[in-house]
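A quick write-up on the structure given underneath.
There are 2 protein chains.
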Amino acid sequence: MRLALINRTGGLEFLEDHIRAACPGARLEYWPSDAAREAEVAICWDPPDGTLADMPNLRLVHSIGAGVDRILADPTLPDVPVCRIRDDDLAVAMGEYCHWATLWFHRGLDAVTRNATAGHWHRFEQRPASQVPVCVLGLGDTGRHVACRLRDAGYPVRGWSRSPHDIPGVLCHAGPGALPLAIADAQVLICLLPLTPDTTGILGHATLSALPPGAAIVLCSRGEHLDRAAVVTLLRSGHLRGAVLDVFPQEPLPADDPLWHEPGVLVTPHMSALAKPRRIVAQIAENLRRLDRGDPLLNRVDRARGY
Amino acid sequence: MRLALINRTGGLEFLEDHIRAACPGARLEYWPSDAAREAEVAICWDPPDGTLADMPNLRLVHSIGAGVDRILADPTLPDVPVCRIRDDDLAVAMGEYCHWATLWFHRGLDAVTRNATAGHWHRFEQRPASQVPVCVLGLGDTGRHVACRLRDAGYPVRGWSRSPHDIPGVLCHAGPGALPLAIADAQVLICLLPLTPDTTGILGHATLSALPPGAAIVLCSRGEHLDRAAVVTLLRSGHLRGAVLDVFPQEPLPADDPLWHEPGVLVTPHMSALAKPRRIVAQIAENLRRLDRGDPLLNRVDRARGY
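Chain order of the listed sequences is A and B. Going by our numbering, the first sequence opens with residue 5, and the numbers climb by one from there. Going by our numbering, the second sequence opens with residue 5, and the numbers climb by one from there.
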């Protein structure tokens, strides 16, 4: 089988040895090239619009991550199956990151580290976790894991998603109409939504100003979920306490971007949950075997829903 | 009953209303005063040497915290019972702080926040918790809770204490001879020991240099446990990755202390676990009732052990 590695900005070489080991019979080509154009399987992160439509033998598009928004955004995307990665380790890593960020705000460590740079000793009031409601937007594998982890740590957890979910001990809300209720008392708002036309810009002025005063946000989904001007305005007005931002429309965030130095913002380098290359490739290899045998593919994306 | 509030640097007024509410029949005096000298119960944090010996009616010394090292350090301490506070909420708060600090090092957030101040985007390798052994020194109520919490988060946890403990899923070591073994593979070393003559300076050059390269320390016990020169030397040599320090021999740490700005050190304002005044006073009030009735006192300190 012929495989093409496709990404707008390249950088997929880290997968090559793993693919050669897991798929010994496959031919591996890098986009852009004529050979890549002839491939039957596109292994991609962010394929430029039209790239996939220009592959006459294409039978499968496989994302190398949990998200497929960059792939589905191509209006010329041909009608072949699109699959994504699902990885329990990703959920665990995301749980660690979100738990860390929740403690950063809950225990005042954002202010304490700021004070430390000025040699300023100030002890803040200590609140129990039970007085710090957290809302998780997006209740897929990862969101569910994060919600349960924070619930187990003693936080009152609310969840919100497109379709109804039932998670013991988590107050789950569903649908656009329920968003204001889900976030009404959130001291920490964690965004783990898939990026779809419905969720683009969901963290805009209306949503963020509906949070209680002093709330903080943690963005681990996609940069396009956040209205950057709104968050800066609400940080400067004091309505928001802070923002831990791990994802951006353009990554890496340029060194001269003022967000790095916006008071209350912590920029992290899209590090919240990284899939191991071996794991990614094992799932792709399994789907290649299934494609070969005509068996149902794993983790196939519902293109209407967008994930 | 006459009660005296005694602390070298004052500042115990925050307890007054709670004591008046919980002990309506008691007379409350502040040291230094003749009336305080006549009290039968000394409620203290850090009484100057000789203060307690100069109280002819003294029947009970009650610490307002979990630690009694400042009280037992007085060579003239009279032979009356010494009691301390035990508070499950303290253990929970300490668990949060130590978990936060462990994630800070484990997920490279120490380096990420440093990079953020320079607008520098760099993603570090993501290690699973199972590859980050943590050692907890001190396995009292608090140490045990911290060890269990980190174990449940997936870290391989080792514990060390003076006397043997058995904690499921935690590799427990006991006694001075076992310290090198307990810390041999620790990527994060958390100190929660009581301060006694045996533990003073325990985090000196010998112990810290026996940690594996790249290890970090989290100090939540007493400043006197740490040899400050040793930690600075080993941070500068690169042997230690970092240090989160919450306690210091002199608190507040003076604004001009160079530790605030030592690369790799994060100073926090003795905030890891604060007892609620209401909780402290409820335990003291219960012991006053017991003293009155001649019943056994709660949380009485073994003066030979020091806790």
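C-beta: ideal position from N, C-alpha, C; glycine also. Note that the structure is a prediction, hence the values are computed from the model and not measured.
Cβ closer than 9 Å: which chain A residues qualify as neighbours of residue i?
i: residue 226 of chain B; result: Simply none; closest approach about 17 Å.
Mind listing the chain B neighbours of residue i? Cutoff is C-beta to C-beta under 8 Å, in chain order.
i: residue 113 of chain A; result: 104, 272
i: residue 100 of chain A; result: 107, 110, 111, 133, 157
i: residue 260 of chain A; result: 123
Residues in the same chain with beta-carbon distance under 8 Å from residue i, minus the five sequence neighbours each way, listed in chain order, please.
i: residue 61 of chain A; result: 6, 42, 43, 44
i: residue 133 of chain A; result: 110, 157, 158, 159
If you draw a straight line from the C-alpha of residue i to the C-alpha of residue j, how long is it?
i: residue 284 of chain A; j: residue 221 of chain A; result: 29 Å
i: residue 218 of chain B; j: residue 269 of chain A; result: 28 Å
i: residue 52 of chain B; j: residue 148 of chain A; result: 54 Å
i: residue 110 of chain A; j: residue 139 of chain B; result: 25 Å
i: residue 188 of chain B; j: residue 158 of chain B; result: 19 Å
i: residue 153 of chain B; j: residue 90 of chain B; result: 19 Å
i: residue 257 of chain A; j: residue 113 of chain A; result: 24 Å
i: residue 107 of chain A; j: residue 278 of chain B; result: 16 Å
i: residue 165 of chain B; j: residue 130 of chain A; result: 28 Å
i: residue 338 of chain A; j: residue 125 of chain A; result: With chain A represented from 5 up to 311, any question about residue 338 of chain A goes unanswered, as that position is not in the structure.
i: residue 74 of chain A; j: residue 40 of chain A; result: 19 Å
i: residue 245 of chain A; j: residue 239 of chain A; result: 6 Å
i: residue 261 of chain B; j: residue 121 of chain A; result: 12 Å
i: residue 185 of chain B; j: residue 170 of chain A; result: 46 Å
i: residue 178 of chain A; j: residue 143 of chain A; result: 10 Å
i: residue 181 of chain B; j: residue 23 of chain A; result: 49 Å
i: residue 234 of chain A; j: residue 215 of chain A; result: 13 Å
i: residue 294 of chain A; j: residue 78 of chain A; result: 25 Å
i: residue 236 of chain B; j: residue 20 of chain B; result: 41 Å
i: residue 15 of chain B; j: residue 267 of chain A; result: 33 Å
i: residue 255 of chain B; j: residue 69 of chain B; result: 15 Å
i: residue 71 of chain A; j: residue 150 of chain A; result: 17 Å
i: residue 297 of chain B; j: residue 67 of chain B; result: 20 Å
i: residue 101 of chain A; j: residue 119 of chain B; result: 17 Å
i: residue 82 of chain B; j: residue 46 of chain B; result: 12 Å
i: residue 201 of chain B; j: residue 299 of chain B; result: 31 Å
i: residue 29 of chain B; j: residue 212 of chain B; result: 51 Å
i: residue 92 of chain A; j: residue 176 of chain A; result: 22 Å
At a CB-CB cut-off below 8 Å, which residues of chain A make contact with residue i?
i: residue 93 of chain B; result: 132
In chain order, what residues of the same chain have a beta carbon less than 6 Å from the beta carbon of residue i, not counting five sequence neighbours either side?
i: residue 228 of chain B; result: 199, 204, 253
i: residue 12 of chain A; result: 50, 52
i: residue 146 of chain A; result: 95, 98, 196
i: residue 272 of chain A; result: 250
i: residue 225 of chain B; result: 195, 196, 197
i: residue 141 of chain B; result: 164, 195, 197
i: residue 105 of chain A; result: 222, 248
i: residue 230 of chain A; result: 207, 223
i: residue 161 of chain A; result: 138, 151, 154, 155, 174
i: residue 85 of chain A; result: 64, 301, 304
i: residue 242 of chain A; result: none
If contacts are defined as beta-carbon pairs under 8 Å, then residue i and residue j qualify, I think. What distance do you get, rounded to the angstrom?
i: residue 2 of chain B; j: residue 264 of chain A; result: Since the first and last residues shown for chain B are 5 and 311, residue 2 of chain B lies out of range.
i: residue 116 of chain A; j: residue 191 of chain A; result: Their Cβ separation, rounded to whole angstroms, is 17 Å, which puts residue 116 of chain A and residue 191 of chain A out of contact at 8 Å.
i: residue 310 of chain B; j: residue 76 of chain B; result: 6 Å
i: residue 57 of chain B; j: residue 33 of chain B; result: About 17 Å separates the two Cβ atoms, so there is no contact after all.
i: residue 26 of chain A; j: residue 289 of chain A; result: 4 Å
i: residue 48 of chain A; j: residue 302 of chain A; result: Their Cβ separation, rounded to whole angstroms, is 17 Å, which puts residue 48 of chain A and residue 302 of chain A out of contact at 8 Å.
i: residue 127 of chain A; j: residue 274 of chain B; result: 7 Å
i: residue 55 of chain A; j: residue 10 of chain A; result: 6 Å
Starting from residue i, find everything on chain B with Cβ-Cβ shorter than 7 Å and list it in chain order.
i: residue 21 of chain A; result: Simply none; closest approach about 17 Å.
Residues of chain E with CB under 7 Å from residue i, in chain order?
i: residue 256 of chain A; result: The structure shown has no chain E; the protein chains it does contain are A and B.
Interface residues of chain B around residue i at Cβ under 9 Å?
i: residue 116 of chain A; result: 270, 271, 272, 273, 275
So with CB distances below 7 Å, who are the chain A contacts of residue i?
i: residue 97 of chain B; result: 130
i: residue 264 of chain B; result: 120, 123
Sorted by chain position, which residues of the same chain lie with C-beta nearer than 7 Å to residue i's C-beta, five sequence neighbours on each side aside?
i: residue 282 of chain A; result: 22
i: residue 35 of chain B; result: 8, 9, 10, 55
* To do: Could you list the residues in the segment 121–133 of chain A with a C-beta less than 9 Å from some C-beta on chain B, going in chain order?
  => 121, 122, 123, 124, 125, 126, 127, 128, 129, 130, 132, 133
* Select from the segment 24–51 of chain B all residues with a C-beta closer than 9 Å to any C-beta belonging to chain A, and list them in chain order. => none
* Quick one: which residues of the segment 59–88 of chain A get their C-beta closer than 9 Å to a C-beta of chain B? List them in chain order. => none
* Asked: If you measure beta-carbon to beta-carbon, which residues of the segment 278–309 of chain B are closer than 7 Å to chain A?
  -> 278
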